[in-house]
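Below is one structure, written out as structure tokens; comments come after it.
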Amino acid sequence: MNREDFPILQQNIVYFDNAATTLKPKKVIDSMDEYYLRHTSNIHRGDYNFAIQTNKLYDHVRNIVSKFVNCDSSEVIYTSGATMSINMVVFGYMKNHLKKGNEILISKAEHASNILPWMKLCEEVGTILKYVPLNENYELTLDSIKKCVTSKTRVISLAHVTNVLGDVRDIQAIGEFARENNILFHVDGAQSVPHMPVDFKKSCIDFLSFSGHKMCGPTGVGILVGRYDLLTEMDPVFYGGGMNSSFESDLTYELKAVPVKFEAGTPPIAEVIGLGEAINYLMKIGMDKIHDYEVKLKKYLISKLKDIPNLILYNEDMNSGILAFNIDGVFAQDTSVYLNHYNICVRAGNHCAKLLKDAMNIRNTVRVSMYFYNNYEDIDRFVDALKNSKDIFNVVL
Amino acid sequence: MDSNMRREIILDNYQEPVNRGLIGDESYLKVNTNSESCIDNLDFMVKIEDNVIKDIRFDGEACAISTSATSIMIQKLIGKTVDEVKNILENYRNMIYEKSYDKELLGELVVYDEISKQPNRVNCALLPAVAVERILEKLK
Ligand SMILES: Cc1ncc(COP(=O)(O)O)c(C=O)c1O
């Protein structure tokens, strides 16, 4: 779908690395160019026309986000990406609200950014990190969460969609369960918000993190959505200009209201504007439509791969555009180097999910991750390349 | 070297590398190479006695280039003195980076003499060199 919107696709590539970052439509790039070419200016308190225009565009993106994930615009914080969003939750909120012995539930399939901040918190505060076991298909169910919950469980923090296997967690059910039990629920939406509808309020989410660059937006910008009452109790991680209303030499200071108090310093203005444009673009296509199409692509891919011997597929059944695989006896990176010879872009490695090896017994995989601008022809090219893979070493060596 | 020959040497050493598998012997020096730019992850253990490399063993997961380079490197270095090893590694690096080097000294390692044409594989070829250099650092 919509391939013509992406200038980069005029080059002869098959781009299958969308879980790492996505391509950008011309509209998004233009919106940022416009800022740089026609109305460059800082936000906050500008009295000239450029600044007023910039401020308006910048502020309006909160409304766009709020419509996109169903939250209030005062609950939308601009960050540098999902990683910063999660760190703000952990060190701005959890650090001041959790105590020694409180338990945090995550899984071993999480991305580093949803594990390491929690590890650091445990080191600092004495909280306990518990891993909800994955089932034989490496999935995580509400039942297995329930088995891990104790009277000390204070937080559940999970990716909605994981980045190696693309399994989709039932965040609606988990969110309702968490709220009933007074457990805070953080959702890492880095791999879901770009690909399917996500409803902050309906799914009883307390904090939601995601990145702009994985959803047709620019790098350097992301979002943290937080429940308003929680945000009023959250501390900023950064202090400086733009977020204070006053400060005096006697160490007294006053901060601005939520969400601006979390945004110290000059933010990535062009990128926020670009992200707003990207979200409008995605909403126009329709998130349901994007998700359905990606699932169809995946089904087609799996059906085509059935004819190829020596392939190991790790997540055939998962309902997203991600496929993890290996060619039997070939190291993942050799496969990705091989595919590069056919101008096919995939990623090999542990994909920042270094604990997943404990659950899967395999450290490295090749990952195909698709988006709405991929098509059946991309898949055919990929499958054809794999068909020739018996001479992989003639190509890569 | 013709490219079939080159490929055969690399493939042999990838599919059946020498000295794969670590042993529990405290007299060896150990390092892990977990390079930032690639996903290779190999453990090395080296036994040095009287300034001579007596044994090198390795294990882990790595691509065809790093694994084969490790295997060829191990065969080249065992039995050499520390100074000889340093000299070989220096020449090996020079070859990888397309500077002048002593071909005689490197033997089969010259199969990687064109690796700079594939910039994303340079670190793979260098991996065993980095590992051994880090072991030698520990001697100081
Ligand atoms: C599931 C998941 N969470 C978090 C992140 C971190 O995103 P970023 O690097 O944009 O901060 C990623 C990125 O790969 C991811 O896949």
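Quick mapping for you: the protein sequence lines, in order, are chains X and Y.
The numbering used here puts the first residue of the first sequence at 1, with every later residue one more than the last.
The numbering used here puts the first residue of the second sequence at 1, with every later residue one more than the last.
Think of the CB as a built atom: it goes at the ideal place given N, C-alpha and C, for glycine as much as any other residue.
Here the structure is a predicted model, which is why all the values come from computation and not from measurement.
- Counting C-beta atoms within 10 angstroms of its own C-beta, HIS341(X) has fewer than 16 neighbours from the protein chains shown and is therefore classed as exposed.
- Within its own chain, the residues whose Cβ lies closer than 8 Å to the Cβ of SER73(X), once the five positions on either side in sequence are excluded, are ARG62, ASN63, VAL65 and SER66, listed in chain order.
- ARG227(X) is a Cβ neighbour of PHE207(X), given a cutoff of 9 Å.
- In this structure, the straight-line span from the alpha carbon of ASP170(X) to that of THR127(X) is close to 26 Å.
- In the structure shown, the three-state DSSP call for GLY60(Y) is strand.
- ASP5(X) does not reach chain Y, its nearest Cβ partner there being about 30 Å away, counting only Cβ pairs nearer than 8 Å.
- Among the CB atoms of chain Y, one or more fall inside 9 Å of the CB of VAL396(X).
- In this structure, ASN114(X) has its beta carbon less than 8 Å from a heavy atom of ligand 1.
- Straight-line measurement puts the Cα of LEU89(Y) at about 13 Å from the Cα of ILE72(Y).
- Every residue whose Cβ sits closer than 5 Å to any heavy atom of ligand 1 is listed here in chain order: GLY81(X), ALA82(X), THR83(X), HIS111(X), SER113(X), ALA159(X), ASN163(X), ASP188(X), ALA190(X), GLN191(X) and SER211(X).
- Contact between VAL161(X) and HIS195(X) holds: CB atoms are separated by about 7 Å, below the 8 Å threshold.
- Counting along the chain, MET45(Y) sits inside the beta strand (DSSP E) bounded by residues 41-49.
- Where ILE86(X) is concerned, the enclosing alpha helix (DSSP H) starts and stops at 82-88.
- In the pairwise beta carbon analysis, the stretch 389-396 of chain X is classified as not touching the stretch 38-58 of chain Y: fewer than three pairs are separated by under 8 Å.
- If you compare the alpha carbons of THR21(X), PHE16(X) and LYS27(X) with that of GLY274(X), the shortest gap goes to LYS27(X).
- With the criterion set as a beta carbon lying under 8 Å from some beta carbon of chain Y, the members of the stretch 364-375 of chain X are ASN364, in sequence order.
- Under the three-state reduction of DSSP output, VAL272(X) falls in the helix class.
- Residue burial annotation: ILE308(X) is exposed, with fewer than 16 other C-beta atoms found within 10 angstroms of its C-beta.
- Under DSSP, SER369(X) shares a beta bridge with ASP17(X) and ILE322(X).
- Sequence-distant partners of ILE13(X) (beyond 5 residues in either direction) whose C-beta falls short of 8 Å from its own C-beta, in its chain, are ASN343, ILE344 and CYS345.
- A Cβ of chain Y is located within less than 9 Å of the beta carbon of PHE331(X).
- Shortest Cα-Cα distance from CYS216(X) to any of ALA353(X), LEU282(X) and ASP328(X) involves LEU282(X).
- PHE262(X) sits in a helix when the DSSP states are folded into three classes.
- The Cβ-Cβ distance between ASN102(X) and LYS146(X) does not fall below 9 Å.
- Proximity of VAL164(X) to chain Y, defined by a Cβ-Cβ separation below 9 Å, is not satisfied.
- At a cut-off of 9 Å between beta-carbon atoms, ALA348(X) makes contact with chain Y.
- Taking a Cβ-Cβ cut-off of 7 Å, the neighbours of PHE393(X) in chain Y comprise ARG7, LEU11 and ALA64, given in sequence order.
- LEU121(X) and CYS352(X) have their C-alpha atoms spaced approximately 19 Å apart.
- Under the three-state reduction of DSSP, LEU386(X) is assigned to helix.
- Chain Y places no beta carbon closer than 9 Å to that of ASP358(X), leaving this residue out of the contacts.
- The C-alpha of VAL132(X) lies about 19 Å from the C-alpha of ILE205(X).
- Residue contact with chain Y for ASP17(X): absent (no Cβ-Cβ distance below 9 Å to any residue of chain Y).
- Linking TYR14(Y) to ASN87(Y) through their CA atoms gives a straight-line distance of about 25 Å.
- Using a Cβ-Cβ cut-off of 9 Å, GLU16(Y) does not count as an interface residue toward chain X, since no Cβ of chain X sits closer than that to its own.
- For ILE39(Y), the chain X residues whose C-beta falls within less than 9 Å of its own C-beta are PHE331, ALA332, GLN333, ALA348, GLY349, ASN350, ARG363 and ASN364, listed in chain order.
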